(Lines of atoms letter the chains of each structure in order from A and count residues from 1; the text may use other names and numbers.)
(Lines give C-alpha, C1' and ligand atoms only; values in the text may rest on other atoms or scores of the structure.)
Protein backbone atom coordinates (compact mmCIF):
# COMPACT_ATOMS: atom_id res chain seq x y z
CA UNK A 1 0.00 0.00 0.00
CA UNK A 2 1.48 3.36 -1.05
CA UNK A 3 1.27 6.26 1.35
CA UNK A 4 2.22 9.64 0.02
CA UNK A 5 4.08 12.32 1.96
CA UNK A 6 5.36 15.81 1.12
CA UNK A 7 8.93 16.05 -0.09
CA UNK A 8 11.53 18.31 1.46
CA UNK A 9 15.24 18.83 0.96
CA UNK A 10 17.17 18.39 4.19
CA UNK A 11 20.86 18.35 5.03
CA UNK A 12 22.17 15.19 6.62
CA UNK A 13 23.83 16.05 9.91
CA UNK A 14 26.17 13.64 11.62
CA UNK A 15 28.70 11.06 10.55
CA UNK A 16 27.18 7.73 11.62
CA UNK A 17 24.77 7.28 8.72
CA UNK A 18 24.73 4.09 6.70
CA UNK A 19 27.32 4.14 3.92
CA UNK A 20 25.43 3.45 0.71
CA UNK A 21 22.08 1.69 0.16
CA UNK A 22 20.99 -1.17 2.40
CA UNK A 23 18.22 -2.47 4.62
CA UNK A 24 17.77 -2.82 8.34
CA UNK A 25 15.64 -5.17 10.41
CA UNK A 26 14.09 -3.30 13.31
CA UNK A 27 14.35 -4.91 16.74
CA UNK A 28 10.56 -5.36 16.72
CA UNK A 29 11.07 -8.14 14.15
CA UNK A 30 13.42 -10.07 16.40
CA UNK A 31 10.71 -11.38 18.74
CA UNK A 32 7.37 -13.22 18.73
CA UNK A 33 8.74 -16.00 16.53
CA UNK A 34 9.31 -13.58 13.65
CA UNK A 35 13.11 -13.41 13.92
CA UNK A 36 13.72 -16.06 11.23
CA UNK A 37 10.58 -15.72 9.13
CA UNK A 38 10.83 -12.00 8.40
CA UNK A 39 14.53 -11.62 7.41
CA UNK A 40 14.22 -14.76 5.28
CA UNK A 41 11.25 -13.20 3.48
CA UNK A 42 13.10 -9.89 2.99
CA UNK A 43 16.10 -11.65 1.50
CA UNK A 44 13.77 -13.67 -0.72
CA UNK A 45 12.12 -10.45 -1.92
CA UNK A 46 15.52 -9.01 -2.88
CA UNK A 47 16.32 -12.26 -4.69
CA UNK A 48 13.08 -11.97 -6.67
CA UNK A 49 13.92 -8.36 -7.54
CA UNK A 50 17.35 -9.45 -8.78
CA UNK A 51 15.89 -12.24 -10.93
CA UNK A 52 13.30 -9.86 -12.34
CA UNK A 53 15.99 -7.29 -13.15
CA UNK A 54 17.91 -9.96 -15.04
CA UNK A 55 14.77 -10.95 -16.97
CA UNK A 56 13.89 -7.35 -17.84
CA UNK A 57 17.46 -6.58 -18.96
CA UNK A 58 17.59 -9.69 -21.13
CA UNK A 59 14.21 -8.85 -22.67
CA UNK A 60 15.29 -5.31 -23.54
CA UNK A 61 18.58 -6.52 -25.01
CA UNK A 62 16.90 -9.35 -26.94
CA UNK A 63 19.24 -11.76 -25.17
CA UNK A 64 18.53 -15.46 -24.81
CA UNK A 65 16.16 -16.10 -21.93
CA UNK A 66 13.80 -18.74 -20.60
CA UNK A 67 10.66 -18.64 -22.78
CA UNK A 68 8.29 -18.88 -19.82
CA UNK A 69 10.06 -16.02 -18.03
CA UNK A 70 9.97 -13.98 -21.24
CA UNK A 71 6.21 -14.54 -21.39
CA UNK A 72 5.76 -13.20 -17.86
CA UNK A 73 7.57 -9.99 -18.83
CA UNK A 74 5.33 -9.60 -21.88
CA UNK A 75 2.10 -10.41 -20.00
CA UNK A 76 2.80 -8.04 -17.13
CA UNK A 77 4.41 -5.09 -18.91
CA UNK A 78 3.63 -5.12 -22.63
CA UNK A 79 0.55 -4.68 -24.78
CA UNK A 80 -0.50 -7.69 -26.84
CA UNK A 81 1.75 -7.93 -29.88
CA UNK A 82 4.29 -5.46 -28.48
CA UNK A 83 7.88 -6.57 -27.98
CA UNK A 84 9.87 -5.56 -24.88
CA UNK A 85 11.69 -2.27 -25.38
CA UNK A 86 13.61 0.37 -23.45
CA UNK A 87 10.78 2.91 -23.52
CA UNK A 88 8.29 0.52 -21.97
CA UNK A 89 10.71 -1.13 -19.52
CA UNK A 90 13.49 1.40 -18.98
CA UNK A 91 12.04 2.95 -15.83
CA UNK A 92 11.39 -0.48 -14.37
CA UNK A 93 14.97 -1.57 -15.08
CA UNK A 94 16.42 1.52 -13.40
CA UNK A 95 14.18 1.18 -10.34
CA UNK A 96 15.02 -2.51 -9.94
CA UNK A 97 18.74 -1.73 -10.26
CA UNK A 98 18.45 0.82 -7.46
CA UNK A 99 16.41 -1.51 -5.28
CA UNK A 100 18.81 -4.43 -5.71
CA UNK A 101 21.66 -2.12 -4.66
CA UNK A 102 20.01 -2.04 -1.19
CA UNK A 103 20.12 -5.80 -0.62
CA UNK A 104 22.92 -5.61 1.98
CA UNK A 105 21.64 -5.91 5.55
CA UNK A 106 22.91 -3.10 7.81
CA UNK A 107 21.44 -3.62 11.26
CA UNK A 108 24.40 -2.01 13.02
CA UNK A 109 24.42 1.25 11.09
CA UNK A 110 22.22 4.30 11.51
CA UNK A 111 19.86 4.27 8.52
CA UNK A 112 19.66 7.15 6.06
CA UNK A 113 17.46 8.02 3.07
CA UNK A 114 18.95 5.19 0.98
CA UNK A 115 18.02 2.61 3.61
CA UNK A 116 14.87 0.54 4.00
CA UNK A 117 13.88 -0.25 7.58
CA UNK A 118 11.48 -3.15 8.12
CA UNK A 119 9.19 -2.94 11.17
CA UNK A 120 7.03 -5.63 12.73
CA UNK A 121 5.30 -3.75 15.55
CA UNK A 122 3.67 -0.36 16.03
CA UNK A 123 5.35 0.39 19.35
CA UNK A 124 7.26 3.40 18.04
CA UNK A 125 4.01 5.37 17.65
CA UNK A 126 2.56 7.63 20.33
CA UNK A 127 -1.00 8.90 20.00
CA UNK A 128 -1.34 12.68 20.35
CA UNK A 129 -4.23 14.63 21.86
CA UNK A 130 -5.42 15.51 18.36
CA UNK A 131 -5.74 11.84 17.41
CA UNK A 132 -2.63 11.87 15.23
CA UNK A 133 0.34 9.53 15.72
CA UNK A 134 3.89 10.60 16.50
CA UNK A 135 6.60 8.33 15.10
CA UNK A 136 9.54 8.54 17.50
CA UNK A 137 11.99 7.03 15.00
CA UNK A 138 11.55 9.68 12.32
CA UNK A 139 10.31 12.45 14.63
CA UNK A 140 7.23 12.99 12.49
CA UNK A 141 3.55 13.36 13.33
CA UNK A 142 1.29 11.32 11.06
CA UNK A 143 -2.19 12.81 10.81
CA UNK A 144 -5.26 10.63 11.16
CA UNK A 145 -6.20 9.25 7.75
CA UNK A 146 -2.73 9.95 6.36
CA UNK A 147 -1.42 6.55 7.43
CA UNK A 148 -2.70 2.98 7.45
CA UNK A 149 -1.77 2.76 11.14
CA UNK A 150 -5.32 2.11 12.40
CA UNK A 151 -6.01 -0.51 9.73
CA UNK A 152 -2.72 -2.25 10.45
CA UNK A 153 -3.83 -2.83 14.04
CA UNK A 154 -6.81 -4.80 12.76
CA UNK A 155 -7.03 -7.22 9.83
CA UNK A 156 -7.86 -7.22 6.12
CA UNK A 157 -7.45 -5.42 3.80
CA UNK A 158 -4.17 -3.91 5.10
CA UNK A 159 -1.31 -6.39 5.57
CA UNK A 160 1.57 -3.89 5.25
CA UNK A 161 2.28 -0.33 4.23
CA UNK A 162 5.21 1.92 3.34
CA UNK A 163 5.97 5.40 4.65
CA UNK A 164 8.53 7.75 3.12
CA UNK A 165 9.28 10.44 5.73
CA UNK A 166 8.85 14.11 4.93
CA UNK A 167 12.40 14.66 6.15
CA UNK A 168 14.31 12.75 3.49
CA UNK A 169 17.34 12.32 5.73
CA UNK A 170 15.37 9.50 7.35
CA UNK A 171 14.90 6.02 5.81
CA UNK A 172 11.87 4.59 4.07
CA UNK A 173 9.80 2.45 6.42
CA UNK A 174 8.12 -0.83 5.53
CA UNK A 175 5.57 -1.67 8.22
CA UNK A 176 4.44 -5.30 8.34
CA UNK A 177 1.17 -5.55 10.24
CA UNK A 178 1.53 -7.69 13.40
CA UNK A 179 -1.75 -9.54 12.81
CA UNK A 180 -0.52 -10.55 9.33
CA UNK A 181 2.81 -11.80 10.67
CA UNK A 182 1.09 -13.88 13.34
CA UNK A 183 -1.20 -15.33 10.69
CA UNK A 184 1.75 -16.15 8.44
CA UNK A 185 3.54 -17.79 11.36
CA UNK A 186 0.52 -19.98 12.08
CA UNK A 187 0.22 -20.92 8.41
CA UNK A 188 3.88 -21.94 8.21
CA UNK A 189 3.59 -24.00 11.37
CA UNK A 190 0.78 -26.03 9.81
CA UNK A 191 3.06 -27.28 7.03
CA UNK A 192 1.80 -25.92 3.74
CA UNK A 193 3.18 -29.00 2.02
CA UNK A 194 -0.06 -30.75 2.93
CA UNK A 195 -2.16 -30.47 -0.23
CA UNK A 196 -5.52 -30.42 1.51
CA UNK A 197 -4.44 -27.69 3.90
CA UNK A 198 -3.04 -25.67 1.01
CA UNK A 199 -6.41 -25.85 -0.72
CA UNK A 200 -8.29 -24.80 2.40
CA UNK A 201 -5.83 -21.98 3.02
CA UNK A 202 -6.18 -20.63 -0.51
CA UNK A 203 -9.98 -20.78 -0.40
CA UNK A 204 -10.10 -19.00 2.95
CA UNK A 205 -7.85 -16.17 1.76
CA UNK A 206 -9.66 -15.84 -1.55
CA UNK A 207 -13.02 -15.69 0.24
CA UNK A 208 -11.78 -13.01 2.60
CA UNK A 209 -10.32 -10.86 -0.15
CA UNK A 210 -13.37 -11.25 -2.40
CA UNK A 211 -15.22 -9.01 0.04
CA UNK A 212 -13.18 -6.21 -1.47
CA UNK A 213 -13.92 -7.39 -5.02
CA UNK A 214 -10.33 -8.32 -5.65
CA UNK A 215 -10.08 -11.63 -7.48
CA UNK A 216 -6.90 -13.56 -6.90
CA UNK A 217 -5.33 -16.51 -8.68
CA UNK A 218 -3.06 -19.30 -7.35
CA UNK A 219 0.15 -17.35 -8.12
CA UNK A 220 -1.12 -14.50 -5.92
CA UNK A 221 -1.30 -16.81 -2.92
CA UNK A 222 2.17 -18.33 -3.21
CA UNK A 223 5.01 -16.93 -1.07
CA UNK A 224 2.56 -14.35 0.21
CA UNK A 225 4.83 -12.65 2.77
CA UNK A 226 7.78 -12.45 0.35
CA UNK A 227 5.56 -10.98 -2.36
CA UNK A 228 4.02 -8.44 0.02
CA UNK A 229 7.50 -7.26 1.00
CA UNK A 230 8.59 -7.02 -2.66
CA UNK A 231 5.45 -4.96 -3.32
CA UNK A 232 6.23 -2.59 -0.45
CA UNK A 233 9.86 -2.26 -1.57
CA UNK A 234 8.60 -0.64 -4.79
CA UNK A 235 7.11 2.21 -2.75
CA UNK A 236 10.38 3.09 -1.02
CA UNK A 237 12.63 5.94 -2.15
CA UNK A 238 15.43 3.58 -3.23
CA UNK A 239 12.85 1.37 -4.98
CA UNK A 240 11.47 4.18 -7.13
CA UNK A 241 8.37 5.31 -5.18
CA UNK A 242 6.04 3.22 -7.35
CA UNK A 243 2.28 3.72 -7.28
CA UNK A 244 -0.73 1.59 -6.55
CA UNK A 245 -2.66 2.46 -9.71
CA UNK A 246 -6.28 3.39 -8.87
CA UNK A 247 -5.41 3.09 -5.17
CA UNK A 248 -8.45 5.08 -4.05
CA UNK A 249 -10.92 2.47 -5.29
CA UNK A 250 -10.99 -1.13 -4.07
CA UNK A 251 -13.06 -1.93 -7.16
CA UNK A 252 -10.33 -0.68 -9.49
CA UNK A 253 -7.00 -0.83 -7.63
CA UNK A 254 -4.46 -2.78 -9.64
CA UNK A 255 -3.70 -5.58 -7.19
CA UNK A 256 -3.38 -9.21 -8.20
CA UNK A 257 -2.35 -11.09 -11.32
CA UNK A 258 -5.60 -10.58 -13.28
CA UNK A 259 -5.81 -6.84 -12.77
CA UNK A 260 -2.12 -6.41 -13.53
CA UNK A 261 -2.63 -8.27 -16.80
CA UNK A 262 -5.31 -5.75 -17.70
CA UNK A 263 -3.16 -2.78 -16.73
CA UNK A 264 -0.47 -3.86 -19.19
CA UNK A 265 -2.95 -3.22 -22.01
CA UNK A 266 -3.59 0.39 -21.03
CA UNK A 267 -2.33 3.37 -23.03
CA UNK A 268 1.32 4.19 -23.50
CA UNK A 269 0.99 7.97 -23.73
CA UNK A 270 0.44 8.46 -20.00
CA UNK A 271 3.53 6.96 -18.34
CA UNK A 272 1.89 7.13 -14.92
CA UNK A 273 -0.65 4.54 -16.04
CA UNK A 274 1.99 2.11 -17.22
CA UNK A 275 2.43 -1.20 -15.52
CA UNK A 276 6.14 -0.61 -14.91
CA UNK A 277 5.11 1.95 -12.27
CA UNK A 278 2.51 -0.22 -10.51
CA UNK A 279 3.90 -1.85 -7.37
CA UNK A 280 1.87 -5.05 -7.49
CA UNK A 281 2.65 -5.67 -11.16
CA UNK A 282 6.34 -5.72 -10.28
CA UNK A 283 5.70 -7.96 -7.27
CA UNK A 284 3.53 -10.57 -9.02
CA UNK A 285 5.94 -10.70 -11.96
CA UNK A 286 8.86 -11.31 -9.61
CA UNK A 287 6.93 -14.03 -7.81
CA UNK A 288 6.02 -15.76 -11.08
CA UNK A 289 9.65 -15.69 -12.24
CA UNK A 290 10.69 -17.26 -8.94
CA UNK A 291 8.33 -20.22 -9.41
CA UNK A 292 9.37 -20.71 -13.02
CA UNK A 293 12.97 -20.93 -11.80
CA UNK A 294 11.73 -23.53 -9.30
CA UNK A 295 10.68 -25.72 -12.24
CA UNK A 296 7.01 -24.72 -12.39
CA UNK A 297 4.88 -23.42 -15.23
CA UNK A 298 2.95 -20.19 -14.62
CA UNK A 299 0.04 -19.88 -17.02
CA UNK A 300 -1.43 -16.63 -18.30
CA UNK A 301 -4.51 -17.19 -16.14
CA UNK A 302 -2.35 -17.31 -13.00
CA UNK A 303 -2.39 -21.07 -12.51
CA UNK A 304 0.84 -22.70 -11.35
CA UNK A 305 1.71 -26.23 -12.46
CA UNK A 306 4.76 -28.17 -11.34
CA UNK A 307 6.75 -29.57 -14.27
CA UNK A 308 7.10 -33.32 -14.44
CA UNK A 309 10.45 -34.55 -13.13
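In mature numbering (1 follows the signal peptide of the UniProt record, and there is no 0), the protein residues as written are -18 to -1, 1 to 291.
Where a beta carbon is used, it is the ideal one built from N, C-alpha and C, also for glycine.
On a predicted model such as this, the values are computed, not experimentally measured, just so you know.
Starting from residue i, trace the beta strand (DSSP E) both ways and give me its first and last residue.
{"i": "residue 117", "result": "115 to 117"}
{"i": "residue 99", "result": "97 to 101"}
{"i": "residue 144", "result": "142 to 145"}
{"i": "residue 288", "result": "286 to 288"}
{"i": "residue 263", "result": "Per DSSP, residue 263 belongs to no beta strand (DSSP E); it is in the alpha helix (DSSP H), 261 to 275."}
{"i": "residue 107", "result": "107 to 109"}
{"i": "residue 216", "result": "That residue, residue 216, is in no beta strand (DSSP E); its alpha helix (DSSP H) goes 206 to 217."}
{"i": "residue 120", "result": "Segment: none, residue 120 is in no beta strand (DSSP E) and carries neither H nor E."}
{"i": "residue 156", "result": "154 to 158"}
{"i": "residue 201", "result": "Residue 201 -> not in any beta strand (DSSP E); alpha helix (DSSP H) instead, spanning 200 to 203."}
{"i": "residue 7", "result": "4 to 7"}
{"i": "residue 235", "result": "Per DSSP, residue 235 belongs to no beta strand (DSSP E) and is neither H nor E."}
Could you name the residues of the same chain whose beta carbon sits closer than 8 Å to that of residue i, not counting the 5 residues immediately before and after it, in chain order?
{"i": "residue 277", "result": "288, 289"}
{"i": "residue 80", "result": "3, 220, 221, 222"}
{"i": "residue 19", "result": "163, 166, 167, 170, 207"}
{"i": "residue 105", "result": "10"}
{"i": "residue 33", "result": "268, 271, 272, 275"}
{"i": "residue 127", "result": "none"}
{"i": "residue 108", "result": "115, 116, 118"}
For my contact list, residue i and residue j are in at a C-beta cut-off of 8 Å; report their separation, rounded to the angstrom.
{"i": "residue 42", "j": "residue 68", "result": "6 Å"}
{"i": "residue 156", "j": "residue 115", "result": "About 17 Å; that fails the 8 Å criterion."}
{"i": "residue 78", "j": "residue 35", "result": "4 Å"}
{"i": "residue 122", "j": "residue 148", "result": "6 Å"}
{"i": "residue 282", "j": "residue 57", "result": "6 Å"}
{"i": "residue 292", "j": "residue 31", "result": "This structure leaves residue 292 out entirely; the chain is present only between -18 and 291."}
According to the neighbour-count rule (16 or more other Cβ atoms, all chains shown, within 10 Å of its Cβ), is residue i buried or exposed?
{"i": "residue 118", "result": "exposed"}
{"i": "residue 22", "result": "exposed"}
{"i": "residue 94", "result": "buried"}
{"i": "residue 170", "result": "exposed"}
{"i": "residue 86", "result": "exposed"}
{"i": "residue 257", "result": "buried"}
{"i": "residue 202", "result": "buried"}
{"i": "residue 113", "result": "exposed"}
{"i": "residue 205", "result": "buried"}
{"i": "residue 8", "result": "buried"}
{"i": "residue 146", "result": "buried"}
{"i": "residue 55", "result": "buried"}
{"i": "residue 13", "result": "exposed"}
{"i": "residue 284", "result": "buried"}
{"i": "residue 120", "result": "buried"}
{"i": "residue 154", "result": "buried"}
{"i": "residue 84", "result": "buried"}
{"i": "residue 76", "result": "exposed"}
{"i": "residue 110", "result": "exposed"}
By Cβ distance below 6 Å, which residues in the same chain neighbour residue i in space, the five residues on each side in sequence not counted?
{"i": "residue 207", "result": "23, 166"}
{"i": "residue 244", "result": "none"}
{"i": "residue 247", "result": "61"}
{"i": "residue 265", "result": "209, 212, 213"}
How far does the alpha helix (DSSP H) with residue i in it extend, from its first residue to its last?
{"i": "residue 35", "result": "19 to 42"}
{"i": "residue 57", "result": "49 to 59"}
{"i": "residue 82", "result": "68 to 82"}
{"i": "residue 94", "result": "Taken as a continuous stretch (DSSP letters only), residue 94 belongs to no alpha helix (DSSP H), as it is neither H nor E."}
Quick one: what's got a C-beta closer than 7 Å to residue i's C-beta in the same chain, skipping five residues either side?
{"i": "residue 47", "result": "37, 40, 41"}
{"i": "residue 217", "result": "-17, 144, 223, 224, 261"}
{"i": "residue 27", "result": "208, 211, 212, 215"}
{"i": "residue 134", "result": "104, 140, 143, 157, 159"}
{"i": "residue 370", "result": "Residue 370 lies beyond the range of the chain shown here (-18 to 291); nothing can be said about it."}
{"i": "residue 291", "result": "none"}
Taking 6 Å as the cut-off, does the CB of residue i come closer than this to any heavy atom belonging to the ligand ADP?
{"i": "residue 118", "result": "You won't find the ligand ADP in this model; it holds no ligand whatsoever."}
Hey, is residue i's beta-carbon within less than 7 Å of any beta-carbon in chain B?
{"i": "residue 95", "result": "Within the model displayed, chain B is absent; a lone protein chain is all it includes."}
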